[in-house]
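Colleague: I'd like to ask some things about the structure below.
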């Protein structure tokens, strides 16, 4: 099962170092999402991440940086719904209904389906899927290896995510809420290792 972390929308203290450490302990892909940032701020963060990990970064919005920094791919959204002409690399987008997942997934390397559970990072953003609906979607082949679960992902539900046939899990609130709460980076890395272990 693939593990993706989506960056905090805000820049964090010592962010490049903690992202690098997460790559070292098994992070598969990082979604670099800073919707309010200027391009030079995003570049500054990228420059601090070792080159050997940059091909595991998927960038939101600032598609020009994909080639400049040899990044792994781009993520389409409502602000940037189309890939650049002659684009090569990973291509992803978010889906917010099973119908959207079914029609969209074939055109992408993977999609982020949300919110599978009640969101941790967005208060009041509640899941729109019952376990039964997800199970039926798995049986119909709608949920597959190309569908990544996003929204409320934590240690408590990773086993279910795997059993439902998702290809991976995308983490946001479960990681960055802890980053703010813990001064010791090692605690955060230990938590991430535990999450990976839950999905084995």
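Residue numbers (the UniProt record's numbering): 1 to 200. All residues carry an ideal CB built from backbone N, CA and C; glycine is no exception.
What does the alpha-carbon distance come out to for the pair residue 159 and residue 198?
Modeller: Rounded to whole angstroms, residue 159 to residue 198 spans 6 angstroms at the Cα level.
Colleague: Which residue marks the beginning of the alpha helix (DSSP H) containing residue 51, and which one marks its end?
Modeller: First-last of the alpha helix (DSSP H) with residue 51: 51–54.
Colleague: So, with DSSP's three-state summary, where would you put residue 110?
Modeller: In this structure, residue 110 counts as strand in the three-state DSSP scheme.
Colleague: Can you pull the DSSP bridge partners for residue 93?
Modeller: DSSP lists 76, 111 as partners of residue 93.
Colleague: Check the DSSP bridge columns for residue 168 and list the partner residues they point to.
Modeller: According to DSSP, residue 168 bridges with 2, 148.
Colleague: Taking 7 angstroms as the cut-off, decide whether the C-beta atoms of residue 70 and residue 56 are in contact.
Modeller: Their beta carbons are not under 7 angstroms apart, which means residue 70 does not touch residue 56 by this criterion.
Colleague: Below 8 angstroms on the Cβ atoms is my contact criterion, and I expect residue 22 with residue 4 to pass it. Report the Cβ-Cβ distance as a whole number of Å.
Modeller: Not confirmed; about 11 angstroms, so no contact.
Colleague: Helix, strand or coil: which one does DSSP assign to residue 42?
Modeller: Helix, per DSSP.
Colleague: Spell out the partners DSSP gives residue 31 in its beta bridges.
Modeller: Its beta-bridge partners are 6, 58.
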